[in-house]
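Presented below is the structure to which this report refers.
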Amino acid sequence: METKTKSRILVFVFALIVWFALTDIKDYQEAMIGIAISLLISFLAGHFLIKNVASHHPVKRTIHFLFYIVKFMWEMIKANLEVAYLVIHPMLPIKPGIVKIKTKLTKDSAITVLSNSITLTPGTLTIDINEQKKELYIHWINVKTQDIDEATEEIGNRFEKTLTEVFE
């Protein structure tokens, strides 16, 4: 099977899973709309969204992607609790600043998902990406270290290993 076809099938399956997860399907018409929209997305953007499908088995990538979603949700819950504590603390013990982290990810899509995950996690915001050096500049509400390696461990590595399995 051609790589472009495999990537379109994988995008179709992901889109359909997301559709079913986000909608309360009451009849077959809603399911058919989800299938039609998933097909449209897969044919229009399937080869853009997922590349090099042949390098990993699609089922393995899907499992790692689902694990990533769970891991991301857990990190988001922890960050929400930490930011809530900082905000309601009477002394407001924050130390905002900008830190630089490094990434080992090579694909643009993987780096984009990493930077979006960092931005969506409360307390951190991706400001800029240096594509040549594979560095991200992050605004951090409570800077714990300015050391690149320690900041990378604290902010980026929590997502990077799983993203490597999904995208690389």
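Numbering (the working numbering) for the sequence shown: -18 to 149.
Just so you know, even glycine gets a beta-carbon here, dropped at the ideal spot from N, CA and C.
Query: Roughly how many angstroms lie between the CA atoms of Ile136 and Val(-1), to the nearest whole one?; Result: 27 Å
Query: Residue range of the alpha helix (DSSP H) that Ile(-2) falls in?; Result: Thr(-16) to Leu3
Query: What separation, rounded to the nearest whole angstrom, lies between the Cα atoms of His120 and Leu47?; Result: 27 Å
Query: According to DSSP, is Ile176 helix, strand or coil?; Result: Lying before the first or after the last residue shown, residue 176 is absent from the chain, which here runs from -18 to 149.
Query: On the three-state DSSP scale, how would you describe His45?; Result: helix
Query: Relative to the C-alpha of Thr93, which residue among Ile16, Pro103 and Glu116 is closest?; Result: Glu116
Query: What is the residue span of the alpha helix (DSSP H) that Leu101 lies within?; Result: Asp89 to Leu101
Query: Just mark Phe(-5) as buried or exposed, buried being the case when its beta carbon has 16 or more other beta carbons within 10 Å.; Result: buried
Query: Report yes if the CB atom of Leu95 is closer than 8 Å to the CB atom of Thr84, and no otherwise.; Result: yes
Query: Between Glu149 and Leu86, how many whole angstroms is the CB-CB distance? I'm expecting something under 8 Å.; Result: 7 Å
Query: Pick out whichever of Val80, Met54 and Gln10 has its Cα sitting closest to the Cα of Ile129.; Result: Val80
Query: Taking the alpha-carbon of Lys88 as reference, which of Ser23, Ala12 and Val147 has the nearest alpha-carbon?; Result: Val147
Query: Which of the three DSSP states is assigned to Glu149 in this structure?; Result: coil
Query: What is the DSSP secondary structure of Thr133, counted as helix, strand or coil?; Result: helix
Query: For Lys52, which of helix, strand or coil comes out of DSSP?; Result: helix
Query: Can you say whether Val40 is buried or exposed, counting buried as having 16 or more other CB atoms within 10 angstroms of its CB?; Result: exposed
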